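Peer 1:
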Amino acid sequence: MSTNREPIGVIGTGYVGLVTAAGFAELGNEVFCVDIDSEKIEGLKNGQIPIWEPGLEELVAKHRDRLHFSTDLGDALQRARLLFVAVGTPPTYSGDADLSAVNAVVDAMPPSDQHALVMKSTVPVGTGETIKRVFAEQGKQGFRYVSCPEFLKEGSAIKDFLEPDRVVVGDDGDWAGDAVVDLYAPLNAPLVRTDIKSAEMVKLASNAFLATKISFINEIANVCEETGADVVEVAKGMGLDNRIGPKFLQAGIGFGGSCFPKDVTALKQLAGNSGYHFQLLNSVIEVNELQKRRVIAKLEKHLGRLVDKKIALLGLAFKPNTDDMREASSLVLSSRLQAAGAHVRAYDPVAEEEARKLIRGVSFKSTALDAIEGADAVVLVTEWPEFAELDLAEVKNAMAGTLLVDGRNLFEPGRVRDAGLIYEGVGRAASSAHQEV
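1 is the number of the first residue of the sequence shown in UniProt numbering; add one for each residue after it.
(1) Assign aspartate 348 to one of two classes, buried (16 or more other C-beta atoms within 10 Å of its C-beta) or exposed (fewer than that).
(2) As an exercise, report each continuous beta strand (DSSP E) stretch of at least 3 residues that is fully enclosed by the stretch 79-113, in chain order.
(3) Quick check for students: name the residue ranges of the alpha helix (DSSP H) that lie wholly in the stretch 314-400, counting only runs of 4 or more.
(4) Mind checking which residues open and close the beta strand (DSSP E) that includes aspartate 406?
(5) For the alpha helix (DSSP H) that contains leucine 162, what are its first and last residues?
(6) In or out: lysine 203 buried (at least 16 other Cβ within 10 Å) or exposed?
(7) Apart from the five residues just before and just after alanine 388, which ones in its own chain have a Cβ nearer than 6 Å to its Cβ?
(8) Using beta carbons (cut-off 8 Å, strictly below), is valine 344 in contact with chain D?
(9) Which residue comes first and which comes last in the beta strand (DSSP E) that contains alanine 68?
(10) Assign cysteine 33 to one of three DSSP states: helix, strand, or coil.
(11) I'd like to confirm the pairing. Which residues does DSSP put opposite threonine 194 in its beta bridges?
(12) Go ahead and label arginine 428 buried or exposed: buried means 16 or more other beta carbons lie within 10 angstroms of its beta carbon, across all protein chains shown.
(13) Going straight from the alpha carbon of glycine 173 to that of serine 147, what length do you get?
(14) Which residues does DSSP list as the beta-bridge partners of methionine 201?
(15) Could you work out which residue in Asp308, Ala340, Val416, Leu191 is closest to alanine 375 when comparing CA atoms only?
(16) Report the rounded CA-to-CA distance for alanine 189 versus methionine 238, giving the unit in angstroms.
(17) Between alanine 199 and proline 246, what straight-line distance do the alpha-carbon atoms span, to the nearest angstrom?
(18) Would the beta-carbon of valine 381 fall within 8 Å of that of leucine 316?
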């Protein structure tokens, strides 16, 4: 990539910030990364990546000469006119986004007519308007503002940055918006250049729609279990309609992660704060919560009371190819199982370190078979590719029981049954009364 590109600043070296910084370094930009966490910054200077994302460590190492890490805003302000904001906006107890980190960035900016904040963090609609008002109140009217939401999927974030479905730029039609458009131009992605509020809404609405699609297919799966239909076949037939498409039609035990739950709740809260009751999103959230708990009913259907039963959880992260435990289904499952008196053991190829910070009372194992050994039932929670390669006959021999609850429909029911195991999927025909055990 060309090195004749302007330097940029990235404030926040979490998931979005670090991927954004590495992506722009790949495009040829010199990037000045800033974070208040001095330990994280020192680690990054030494090549230690604080998150697990395929390809990120290699990309950061490749562009060490273009990536600069500091706890001081000075270098970024001196060298870059565009400052990408990628700080956390977690939900508060009310469901609103916590904008304290964003506000701290705004307050730290000096008066300038040569700089712009480019918002990557997911913020409520109207945040840009508020920030511009605060800038004016603080005598920083010259500071520009651009909304440029991120659409990175954990596990494929580098590809998503370099081959985006679209680039959304919300601005006031000034130099800052032009500069952001120029930055992304080499990617040749469809461009949506719009006003700031619309750009902010694109992010929330996109994630809310995808979450709705997941909850919808999970509802269909639950009906399939009652009627004997197979949701995998149903989803295949639906997905071939190009108005629907196959993506996000994989039934399972619910969505998690840092985006969908937070953004759905934030949009519902935003609507409520504006006086509008967003009924659909209430249902999306409810379905997602109940979906996790249906696993307990499947276990009790075959095992009866779960007191002293040994249950193995395969996978802990909210999805494969990440160590992110935020809103992971395993958090609810491990808690509910222990509340029911079960002994829980678990294995995840990547997320154990993060899981240990959040899950108590679980016995963590070093391999899938270690977790399965002596278990009365196995629950597939996260569809890591290595689980698809398990020798099911070996699984059967290692278990004390015979129940496999496939929370992601990873396995073929017939293959599981041929190994001598009882199969319970999500909306699968083999989960119904038609199954022969």
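A virtual CB, placed ideally from N, CA and C, is assigned to each residue, including glycine. Since the model is a prediction, treat every value here as computed from it, not as a measurement.
Peer 2: To lay it out plainly:
(1) Here residue 348 refers to the residue found at position 348 when the sequence shown is read from its first residue. Answer is buried; the Cβ neighbour count reaches 16.
(2) 82-85
(3) 329-339, 352-358, 368-372, 385-388, 392-398
(4) Working through the sequence shown from its first residue, we reach residue 406 at position 406. Note, aspartate 406: beta strand (DSSP E), 403-406.
(5) As a working mapping, residue 162 is identified with position 162 in the sequence shown. Element bounds for leucine 162: 157-162.
(6) Working through the sequence shown from its first residue, we reach residue 203 at position 203. Counting Cβ neighbours within 10 Å, lysine 203 comes out buried, since at least 16 surround it.
(7) Residue numbering aside, residue 388 sits at position 388 when the sequence shown is read from its first letter. So the list reads Leu410, once near-sequence residues are dropped.
(8) The structure shown has no chain D; it contains just one protein chain.
(9) Translated into positions along the sequence shown, residue 68 becomes position 68. The amino acid occupying residue 68 in the given sequence is histidine; alanine does not appear at that position. Here the beta strand (DSSP E) through histidine 68 covers 67-70.
(10) If you number the sequence shown from 1, residue 33 lands on position 33. Correct three-state label for cysteine 33: strand.
(11) Sequence index remark: in the sequence shown, residue 194 carries index 194 (1-based). Its beta-bridge partners are Gly170.
(12) Residue numbering aside, residue 428 sits at position 428 when the sequence shown is read from its first letter. Arginine 428 is buried by the Cβ-count criterion.
(13) As a position in the sequence shown, residue 173 is number 173, starting the count at 1. As a position in the sequence shown, residue 147 is number 147, starting the count at 1. Each residue's Cα considered, the two are about 12 Å apart.
(14) As a working mapping, residue 201 is identified with position 201 in the sequence shown. In DSSP, methionine 201 forms no bridge with anything.
(15) Here residue 375 refers to the residue found at position 375 of the sequence shown. Closest option to alanine 375, Cα to Cα, is Asp308.
(16) On the sequence shown, position 189 is the one that residue 189 refers to. On the sequence shown, position 238 is the one that residue 238 refers to. Whole-angstrom Cα-Cα distance: 28 Å.
(17) Here residue 199 refers to the residue found at position 199 of the sequence shown. Here residue 246 refers to the residue found at position 246 of the sequence shown. Between alanine 199 and proline 246, the C-alpha separation is close to 26 Å.
(18) Locating residue 381 in the sequence shown gives position 381, counting from the first residue. Locating residue 316 in the sequence shown gives position 316, counting from the first residue. Contact flag set, yes.
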